[in-house]
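To keep things clear, I will list the structure first and then write my remarks on it.
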Amino acid sequence: MVSAGDFKNGLTVEIEGVVYQILEFQHVKPGKGAAFVRTKLKNIINGGVVEKTFRPTEKFENAHIERKEMQYLYNDGDLFNFMDNETFEQIAVNAETVGDSLKFVKENDNVKLSSYQGNVFAIEPPLTVELEITETEPGFKGDTAQGATKPAIVETGAQVNVPLFVEQGEKIKIDTRTGDYLSRA
Numbered sequence: 351m352v353s354a355g356d357f358k359n360g361l362t363v364e365i366e367g368v369v370y371q372i373l374e375f376q377h378v379k380p381g382k383g384a385a386f387v388r389t390k391l392k393n394i395i396n397g398g399v400v401e402k403t404f405r406p407t408e409k410f411e412n413a414h415i416e417r418k419e420m421q422y423l424y425n426d427g428d429l430f431n432f433m434d435n436e437t438f439e440q441i442a443v444n445a446e447t448v449g450d451s452l453k454f455v456k457e458n459d460n461v462k463l464s465s466y467q468g469n470v471f472a473i474e475p476p477l478t479v480e481l482e483i484t485e486t487e488p489g490f491k492g493d494t495a496q497g498a499t500k501p502a503i504v505e506t507g508a509q510v511n512v513p514l515f516v517e518q519g520e521k522i523k524i525d526t527r528t529g530d531y532l533s534r535a
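If you read the sequence shown in the numbering used here, its first letter stands for residue 351, the second for the next number, and so on.
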């Protein structure tokens with residue numbers, strides 16, 4: 351149990367059956383009346399952000415989020431299969447939970463699965479990945495305008511904007527948070 355007076359950024363608590371992560375908190379002591387804690391909370395399941403106020407003495411249950419590194423094995427229709435690197439136990443996660451978090455992840459790459467009470471709610475790909483370009487238009491000499499880009503399809507099927515000098519068959523580094531080209535690999 352944690353009281354509202356002991357809130358810290360990043361702490362996860364269960365409030366009214368919903369698990370929230372504390373993004374911001376502020377202790378407020380008005381000149382008149384009782385003190386309170388103003389918070390900005392993020393629902394970890396659906397990503398929604400809400401603002402709530404609490405009395406400093408209110409107590410909430412700590413929510414323990416488990417983050418485990420697992421290997422992405424394969425996609426089987428609507429199910430994505432992952433394997434625990436230590437126990438070799440396999441789990442399947444539905445496509446709705448995965449969303450587009452695996453669009454830059456190849457089979458056999460490691461990802462982090464976040465779960466609460468055994469239910470996976472988020473998948474975190476590595477921050478950067480190296481992928482090969484399978485399809486792109488050739489760059490033309492003289493097309494050297496500052497920062498000019500062209501679309502390219504990488505081996506996972508995702509589309510990335512790359513500089514004009516990058517050719518088909520090259521490996522590139524991609525930032526998975528933004529989907530931006532970083533450099534040649």
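Glycine included, each C-beta is placed from N, C-alpha and C at the ideal position.
Assigned exposure category for A445 - 16 Cβ within 10 Å defines buried: exposed
Closest Cα partner of S464 within the set F454, E457, T447, T478: T447
Beta bridge counterpart(s) of I409 as assigned by DSSP: The sequence shown places Lys at residue 409, not Ile. Bridge partners of K409: S353.
Paired residues, beta bridge with I483 - DSSP: V504
Straight-line gap, I503 to Q467 (C-alpha atoms, nearest Å): Taking the CA atoms as reference points, I503 sits about 38 Å from Q467.
S380, buried or exposed, once every other Cβ within 10 Å from all chains shown has been counted against 16: Correcting the residue identity first, residue 380 is Pro in this sequence and not Ser. It is exposed - the Cβ of P380 has fewer than 16 other Cβ atoms within 10 Å.
Three-state secondary structure assigned by DSSP to V448: DSSP places V448 in helix when its eight states are reduced to three.
Selection from M420, E364, E374, V512 that minimises the alpha carbon distance to K358: Between K358 and the set M420, E364, E374, V512, the nearest pair of CA atoms involves E374.
V399 burial status per 10 Å Cβ neighbour count (16 or more: buried): exposed
Candidates A508, L391, F410: closest to M351 by CA position: Selection A508, L391, F410 evaluated against M351 yields F410 as nearest (Cα-Cα).
T528 and V479 closer than 7 Å at C-beta: no
Where L532 falls, given that 16 or more other Cβ within 10 Å makes a residue buried: exposed
Coarse secondary structure for N435, derived from DSSP in three states: For N435, the three-state secondary structure derived from DSSP is coil.
Residues bridged to E457 [DSSP beta-bridge criterion]: According to the DSSP secondary-structure assignment, E457 is paired through a beta bridge with no residue.
At least three beta-carbon pairs within less than 8 Å, the segment 428–446 to the segment 390–407: no
Endpoints, the beta strand (DSSP E) within which I524 is located: 521–525
Separation of L514 from T499, as counted between CA atoms: If you draw a straight line from the Cα of T499 to the Cα of L514, it is about 5 Å long.
Separation of N425 from E487, as counted between CA atoms: For E487 and N425, the distance between alpha carbons rounds to 29 Å.
Sequence-distant residues of the same chain with beta carbon closer than 6 Å to K521, five excluded per side: Closer than 6 Å at the Cβ level, and outside the excluded window around K521, lie E480, E482, A535.
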